[in-house]
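Protein chains in written order, with the working numbering: chain A, 1 to 368; chain B, 1 to 368. Quick reminder that beta carbons are idealized off the backbone N, C-alpha and C, glycines included.
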DNA sequence: TTGACTTCCGAAACCGGTTTTGGAACACTT
DNA sequence: AAGTGTTCCAAAACCGGTTTCGGAAGTCAA
């Protein structure tokens, strides 16, 4: 059908100048065996005719697409998250400078992700993949490694040795978090984490523990709870920690969603977050700014991460060995208003809570 | 360099079966002049060898890429917005069913957008574009029309006759908004809008006016203000409206960002949003849920819009006439807690405000 | 038996580039 | 003058598909 918009081809240019098309191609690809005169004439014709080579034709011969792929897992109707939007922006900016493009696809189940991966690879639509939200045992990474197809992961798996990745130093960050809380004067510091299948959840718990240990605090299982990574999980987690014998005066949360839930729960108990109880999240969600009080949280520039990962993938495609392409970055603490020095001791808090917890209804707030 | 991962080509299949490659191609493209026996043998071989045709080679001949493009304008560092993330998800889902893919690019200036458009068209990387965030006079749409390149706009321009678009019925929605506020008992209803170069901003203002007019309310310039579409703009807008002689008891805002700012401003004055002053936004931003009180707002499913627009673009590519591809949708009101019946009259409000506005510092809150 | 029509498929052209091959033209020795 | 390099470019092969063209073989009617 529809012939391509009368686009000008390399043959048009060649004919116009009176040379072979191979010669035009050589000029455009900076071969040296072309006389200055011919080169000039050809470049002029290219410019005059507004010629731009067809990516398709070029790719067919070159065996490259100059296109990278990213498959976004979209959960059960849970809206796409803002982190990814910025992440993609970062990737696109980096690629733009190099004349590459980004193919974006979404997938709504584990099987669907693999099927999409398979299709994109088999049909050769992309040169490499960016994998986000890695899991401890990630089927995508397993598949890509097995196929020996180039990719970079944003996040690690249980065995991160054989491929390129970029990740936040979760351990370090959460150890820092514990230290920060301690330096504010908190002595009992709690942690609400996520399911340990998620690699980062595991690492954040680990970092929290290491941080406490380094401060000489004894390990106390009553200060840790794992919950689904949602606001609801945060509510449940805060309830669990605060109803203990010696409740924490500060709570470190693995994600902002958890922290937002925790803050809400505290408020329904009449506790003032940032004073009576300190809560810190992780993610730097915009929503965190609108919580009352605005959430103190750790964050990483998603845009920077995207750019970084894109450049790493290009290095992979250029054949750099994977072990040179593994990097950790630190997250930055944004102090808003949900953290502060404790206003009461754990004992006092426990006392204040005793009665309120009982009269408190089962669910603290609106759903997920 | 790097030969494609030993991928199997149509020649491999042909050789394996002992037929010409053209025959294989015909089988895969459902030509009818193939005997049942040969067809079966070829399909089996295709399956056994795991053959998938190279998109590149196919496109070269077909002159199509089976790829759609979207260029996301990213302002001066202002993070990518969540609407787009869901919008893209919707597009991707629709395309997935048809075996098409989506190329995503960002552009950070007007010139950059056009340059990217030009490059993608000239190099023939995409078959058509989805244009978001249309402006009244949109250079992208002008360019695409001039090039006669297929596209669909999400939103309209000043002259929306000659191309395919999908848009929210902004007039209708804001007229509904005015009606809703009136039915709650509000008599003075204000409006904070955006710059009129943005088409939707113009339409929303228009809808607000029409709504008031239909209710028999006189037009009052003191009830309207235009501001930059940010939280800051909302603060400034609310200040402007509330410091008038006869301040509105309800404020309709063109976007959630404005509404969030307006709510903040009210709270710094000690007014209770949802009671003393009603504020309604538009966008359904997740952040709106965390505002205190949670923001009442109009919304449209971004995912649905994405799917709709994608399917329209495919119709365009199939040659459907543009005037059959123009559609308006209604936004839905999500009632949370920032609206309600007025607790005082405009006069009472004016009185309550008189002193507070004076002692109020110049800026109400943290920056944008 | 022969001519006309189908049915089915091989061969080759084509899409628009890149890369290889090879040779004409010229300069430079010896 | 013949041999040896260079320099520069035309021609052709190639990438992996799709599509056109045409012909062999089989069927059917006259």
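- For the stretch 250 to 262 of chain B, residues whose beta-carbon sits nearer than 9 Å to a beta-carbon of chain A comprise 260.
- Interface with chain B (8 Å Cβ-Cβ cutoff): residue 52 of chain A is included.
- By the beta-carbon neighbour count (other beta carbons within 10 angstroms, threshold 16), residue 100 of chain A is buried.
- If you ignore the 5 residues before and after residue 151 of chain B, its C-beta comes within less than 6 Å of the C-beta of 128, 129, 131, 144, all in its own chain and listed in chain order.
- Among the residues of the stretch 103 to 124 of chain A, those with a Cβ less than 9 Å away from any Cβ of chain B are 103, 104, 105, 106, 107, 108, 112, 116, 118, 119, 120, 121, 122, 123, 124, in the order of the chain.
- When the beta-carbon positions are compared, residue 336 of chain B and residue 273 of chain B stay at least 8 Å from each other.
- Scanning the stretch 32 to 83 of chain A from its first residue to its last, the whole alpha helix (DSSP H) runs of 4-plus residues come out as 36 to 49, 55 to 62.
- One finds 56, 57, 60 in chain A with Cβ atoms closer than 7 Å to the Cβ of residue 60 of chain B, taken in chain order.
- Residue ranges of uninterrupted alpha helix (DSSP H) with 4 or more members, entirely inside the stretch 235 to 291 of chain B and ordered along the chain, are 256 to 268, 287 to 290.
- The shortest C-alpha to C-alpha distance from residue 324 of chain A to any of A:311, A:330, A:334 is the one to A:311.
- By the neighbour-count criterion, in which 16 or more other beta carbons inside 10 Å mark a residue as buried, residue 54 of chain B falls on the buried side.
- Residues of the stretch 290 to 308 of chain B with a C-beta atom less than 7 Å from some C-beta of chain A are 290, 291, 292, listed in chain order.
- Taken atom to atom, the span from the alpha-carbon of residue 186 of chain B to that of residue 343 of chain A is near 44 Å.
- For residue 300 of chain A, no alpha helix (DSSP H) encloses it, and the DSSP letter there is neither H nor E.
- Assigned with DSSP and collapsed to three states, residue 154 of chain B falls in strand.
- Pairing residue 192 of chain B with residue 253 of chain B gives a Cβ-Cβ distance under 8 Å.
- Contacts between residue 74 of chain B and chain A, judged by CB atoms closer than 7 Å, involve 89 in chain order.
- Contact between residue 68 of chain B and residue 95 of chain B is confirmed by a C-beta separation of about 7 Å, below the 8 Å threshold.
- In this chain, the alpha helix (DSSP H) harbouring residue 118 of chain B covers 110 to 122.
- The DSSP-derived three-state label of residue 352 of chain A is helix.
- Shown here, residue 345 of chain B sits in coil according to DSSP, grouped into three states, outside any helix or strand.
- Think of a sphere of 8 Å around the beta carbon of residue 287 of chain A: the chain B residues whose beta carbon falls inside it are 286, 287, 289, 290, in chain order.
- With contacts defined as CB atoms closer than 8 Å, residue 90 of chain B and residue 306 of chain B qualify as a contacting pair.
- For residue 101 of chain B, the neighbours in chain A by C-beta distance under 7 Å run, in chain order, 103, 105, 125.
- Assigned with DSSP and collapsed to three states, residue 101 of chain B falls in strand.
- The beta-carbon distance between residue 303 of chain B and residue 86 of chain B, rounded to whole angstroms, is 5 Å. This is short enough to meet the 8 Å contact definition.
- Sequence-distant Cβ neighbours of residue 110 of chain B in its own chain, meaning closer than 8 Å and more than five residues away, are 139.
- Within chain A, no C-beta atom comes nearer than 7 Å to that of residue 25 of chain B; the closest sits roughly 15 Å away.
- With a 10 Å radius around the Cβ and a threshold of 16 neighbouring Cβ atoms, residue 338 of chain B comes out buried.
- Under the DSSP assignment, residue 146 of chain B falls in the alpha helix (DSSP H) whose first and last residues are 139 to 147.
- Counting only unbroken stretches of 4 or more residues, the alpha helix (DSSP H) elements lying wholly within the stretch 163 to 191 of chain A are 170 to 184, in sequence order.
- In the three-state reduction of the DSSP assignment, residue 216 of chain A falls in the coil class, being assigned neither a helical nor a strand state.
- Classified as buried, residue 248 of chain B has 16 or more neighbouring CB atoms from the shown chains inside 10 Å of its CB.
- Where residue 226 of chain A is concerned, the enclosing beta strand (DSSP E) starts and stops at 224 to 226.
- Distance from the CA of residue 262 of chain A to the CA of residue 234 of chain A, rounded to the nearest whole angstrom, comes to 5 Å.
- Counted as a single uninterrupted DSSP element, the beta strand (DSSP E) harbouring residue 128 of chain B occupies residues 128 to 131.
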